[in-house]
Every structure is written in structure tokens, then in C-alpha cells.
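Okay, so here's the structure we're looking at.
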Amino acid sequence: MNKITCTVIMVALLAALVGCSVHEPISIEPGPVPEAFLEEKKESVVKQIGGRWWEQFEDKVLNNLMDEVLINNLDLEQAYARLDQFEAVYLTVDSQRKPFLNLGGTASRDKQFTAIGSTTGNTYRLSVNAGYEVDLWQKLKNQSKAAWFDTLSTRENIKTIYISLSAQLADLYFIAVEQRAQLQLLDAIIASYKDTVERIEFRYQLGQSGALEIYQARQELAVARQRRPIFERTLARTEHAIAFLLGRLPEDSIAGNITTLPDVGTIFSAGLPADLLQKRPDIEAAFMQVKAQDARLAAAIADRFPALSLTGAYGVSWLDFGSMTSGTFWNLLASAGQPMYDGGRRKAEEERNRAALREVVANYRQTVLKAFQEVEDGLSDNRTTEERLSLLKEQDSVSNANVRVARDGYSYGINDYLPVLIAERQYFDVQIQVLSAHRQLVSDRISLVRALGGDWMEKFVPQNEVEEFAVELE
């Protein structure tokens, strides 16, 4: 009766201790969040970002390239391989919370000596061994939580890669469009300079122009021609970069042959700053790292407390020493241990995890600040580039009129060729700048979309069956 009473008391005590936590989970705030973005207060007309945001450019070639990159990109392939590794690590770590069961067997041949001689025989044993570590202080549970939060962080990093890839591809695509448009414009400029050279040479033969004007015109033609390889180089490198993102070898015209940049329309809405915390997967990934490290700290603290393990075995044995005999055996063992002295190893490990927790908390807050900065940068970049493009278009109109007046004055002998030279150079330069500013505005729109994040990539990141094992961790 006394043995039964003691057993009941011990079981009750164990039940009370199992699941006790020696660490309070961290509570972390992202820091101050503004009510509205500074730059968006200056905008009166905005539009919402759709799911597949690049489709708003209405470019079939871009849409096809985007479908390909979101499937074949090698950065994504590596990221999914890392996710599989983290899920496997979680299952490995979490298995320590469960009992183990092993089947074992032995066979031996022995020789026994007695006063009247010796006997040789065989011994056979077959047993089932089981064991279980009682998670008194949630050390094992917190180790599992840390591994699972690492997995969730990796999943969020994959979403970040999707956002980054879509922005990179769209930006490269429109850089290629701009370079083709610049080459087309430059060919028109070269043709115009050729025509000017021919006209001046004809006037020179008539004695109406001097040699200096011929050389000035030829110089402008040479300057225009030498600019062409620069645009060709940028176009080639851009197409090579697109092929790299697609997981292909470089090839010609991989991004099509379109030479018209899209109408960007009104600026995208940045929404509320508080919503950014849910839209940016890099913020969520950083937060998961905080939770993972907090769980590792809890496990390190629990490792300094007593541990309790239960083991048992049941089996059967056969003895064959002239005659066969058999029997069953079993054993149960409970072992407990309290760390007394380890040279400060466990204490140092706890302090290391505390320092690591401070690091990931700082990284989380920095990631939040960086997100707000990128959105504000995106909004201000869009505003200032729109303003510059508008002013460049005004300058283009004035420069065009200036060229007409200068050419008319030269034709009627009112002025020499130098005013025409200056006017044409300014006009052609501003046309090149208009194209560049237009493409920059497209890039600024893309950068803003990238900064705002989103959830369109959710369908690309499938849920894994491993998740059902992690439900009980929360």
C-alpha cells in the first residue's frame, strides 16, 4: 500500500511539473508607426496595387517573362531547397519530444567449464526497448519551436524573393525597352546630322558656307555615332541579365523588340503605414527570427534545470546448453539528473542566446525602419521624377521651336551654322533625357511596388504537410 501511495504521489508530481516554463516569452513592438506616409500626403490621385501588379503595364511579353521567371528562377529553386532542409531539421528536433521504440536482438556462443568438464551452448535474446525524456521545463518543446520558427522565417524569405524577382525582371525589361527606344531615336538623330552635313557640303560647293561649318557638322555626326555602341552595350547586358533571371543562357531579343515605354498613369497608393507590417514578408521573417531565438533562449535556460528520463525493455531469451530453455525479462528505469558543475558551459550558452536575442530584436526593428524608409523613398522618387519629366517635356517643346528658328535663320542667311548646331544639340539631348526620365519613372513605380510588398505571392508558396505537426507548439 505504501508503494502504491508513493507511486501515485510521484506521478502526480511529475504531471504537475511537466510543461512548466522557466522563461516568459518575449513581447516586442516594432517601434513608433506613423499615421500616414509623409510623401503620400502630397498626392491627390492614387490607385491601388493589384495582385499581379505587372499586368497593369498591359505588356504581353512582360507577362510571359514573368510567368517563366516565377517558375524557373534558380534563386527560387535554392530557396525551396533551404525550406525543405529547415522542415527536415524541425522534424528531427521535434522527434526528441516523442518516445522511441527499438527492436534489438543478440546471439552468442559460450563455453562453460565445470569440475567434470565443459559445456558449449548458444544464447539468444530478442527485446523491445523504449525510452522517453519527460519535458519538465519545456526544453524540448522550445527547441522544436525554434526549429519551426526558423522554417516559417525561411518561408517568408521565399516570399521576399518572389517580390524581388518580379521587380528585378520588370525593371530590366523596361530598361531594355528604353535602350531600344534610345537606339531608334539615335538613328533618327544620326540621319538628321547626315542630312545636315550633305546640305552644308552642297552650300560649300556653291560658296555659301565655309569649311568650319562642314567640320562642325561632321563632328556632331561623329559624336552621335559614337553614342550608339553605349546603348547597344547596355541593351546586351540587360538582356543577358534577363536570361540569367530566367535560368537560361544569353540569347538575342529575349525581351522582345518593343520600343515604346508604357504610360505609368497615376501613382500607386502606399496605404496605411500600419498595414506595411503585414505586407512586407521580410518584416515577418525578421519577427519569426525573434521568436525562434527567444525559444532557443528558453531551451538554454531549461537545460540548467533537472532532467528526467524513463526507459524500459521487454524481451525473451533462449539458452541452449545441451537442452533448450527460454524465459522472458523486463526492466523499467527512471533516471534524473541535476547539473552541478560544468565549468560554466550552460551559463555561457544562456548568455550567448540572450545576446543573440538582442541582436535579432535590433534586426527586426531595423527591418521595420528600412521598410518605412523604402516606401518614403519610393513616394518621393515618383513625385520628383514625375516633376522632372514634366519639365523636360516643356523643355523639349521649347527646344524644338528653337531649332526651327535657328534653321530658318541659317537658311535665309540671318545667322551662321553655330546657332543651329547649339539648338540641335540641345534638342536631341533633351529628347534622350525625356526617354531616360520616362523609363526612370517606370522604374520608380516598380521600386514603390517592391517597397510596399503584398500577398500576391502566397499562392506560389504551398503549405507543407509538416505544418500539421507544428500546431501544438503554439
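Counting in our numbering, the sequence shown runs from -1 upward without gaps. The C-beta atom is built at its ideal place from N, Cα and C for all residues, glycine as well. Computed from a predicted model, the values in this text were never measured in an experiment.
Item: Meets three-Cβ-pair contact criterion under 8 angstroms: the stretch 174 to 194 and the stretch 256 to 269; Value: yes
Item: Cα-Cα separation, Ser395 to Ser25; Value: 60 angstroms
Item: Boundaries (first-last residue) of the alpha helix (DSSP H) holding Ser497; Value: Only positions -1 to 472 of the chain appear in the structure, and residue 497 is not among them; the question remains open.
Item: Residue from Asp442, Val447, Gly129 and Ala332 with nearest C-alpha to Arg475; Value: The first residue shown for the chain is -1 and the last is 472, placing residue 475 beyond what the model contains.
Item: Simplified DSSP assignment, three categories, for Phe147; Value: helix
Item: Where Ala296 sits in the DSSP three-state scheme; Value: helix
Item: Per DSSP, cross-strand counterpart(s) of Arg107; Value: Asn120
Item: Residue span of the alpha helix (DSSP H) that contains Thr90, given as start and end; Value: Leu72 to Asp92
Item: Whole-angstrom distance between Ile265 and Ser42, CA atom to CA atom; Value: Here Ser42 scores only 46 on pLDDT, less than 50, and its place in the model should not be relied on; the value that follows carries that caveat. Each residue's alpha carbon lies about 10 angstroms from the other.
Item: Per DSSP, the bridge partner or partners of Trp51; Value: Answer by DSSP bridge pairing: none, since Trp51 is not bridged.
Item: Contact the stretch 162 to 172 vs the stretch 218 to 233: 3+ CB pairs below 8 angstroms; Value: no
Item: Val440 versus Ser434 - alpha carbon distance; Value: 10 angstroms
Item: Check whether Val358 and Gln276 have beta carbons under 7 angstroms apart; Value: no
Item: DSSP state of Ser42 mapped onto helix, strand, coil; Value: Residue confidence is low: Ser42 scores 46 on pLDDT, short of 50, so the model does not pin down where it sits. No coordinate-derived value is stated.
Item: Between the CA atoms of Gln94 and Ser151 - distance to the nearest angstrom; Value: 22 angstroms
Item: Test item: CB-CB of Ala300 and Val20 under 7 angstroms; Value: yes
Item: 8 angstroms contact criterion, which Lys157 and Val366 should meet: CB distance rounded; Value: Actually they do not touch by this definition, with Cβ atoms about 17 angstroms apart.
Item: Option nearest Tyr312 by Cα separation, candidates Tyr410, Leu331 and Arg302; Value: Leu331
Item: Limits of the unbroken alpha helix (DSSP H) element including Arg423; Value: Tyr415 to Leu450
Item: Alpha-carbon spacing of Trp135 relative to Phe303, whole angstroms; Value: 8 angstroms
Item: Cβ-Cβ distance between Ala77 and Ile159 below 7 angstroms; Value: yes
Item: Residue burial classification, Ile228 (beta-carbon count within 10 angstroms, cutoff 16); Value: exposed
Item: Distance between Thr90 and Glu66 (C-alpha atoms, nearest Å); Value: 35 angstroms
Item: Alpha helix (DSSP H) segment containing His238, residue limits; Value: Ala209 to Leu244
Item: Residue span of the alpha helix (DSSP H) that contains Lys277, given as start and end; Value: Pro271 to Lys277
Item: C-alpha gap between Ala353 and Val132, whole angstroms; Value: 28 angstroms
Item: Local conformation of Ser164 per DSSP, three classes; Value: helix
Item: Cβ-Cβ separation, Ala215 to Tyr191 (assumed contact under 8 angstroms), whole Å; Value: 7 angstroms
Item: 7 angstroms Cβ cutoff met for Asp379 and Pro23; Value: no
Item: Proximal residues to Phe84 (C-beta, below 6 angstroms), its chain only, five neighbours per side dropped; Value: Asp148, Thr149 and Thr152
Item: Inter-residue Cα distance where the pair is Leu308 and Phe98; Value: 11 angstroms
Item: Rounded Cβ spacing between Ser478 and Arg123 (contact assumed at less than 8 angstroms); Value: Because the chain in this structure spans residues -1 to 472, residue 478 falls outside the shown range and cannot be described.
Item: Local conformation of Trp454 per DSSP, three classes; Value: helix
Item: Between the CA atoms of Ala296 and Gly342 - distance to the nearest angstrom; Value: 17 angstroms
Item: Outcome for Gln336 when other beta-carbon atoms lying within 10 angstroms are tallied against a minimum of 16; Value: exposed
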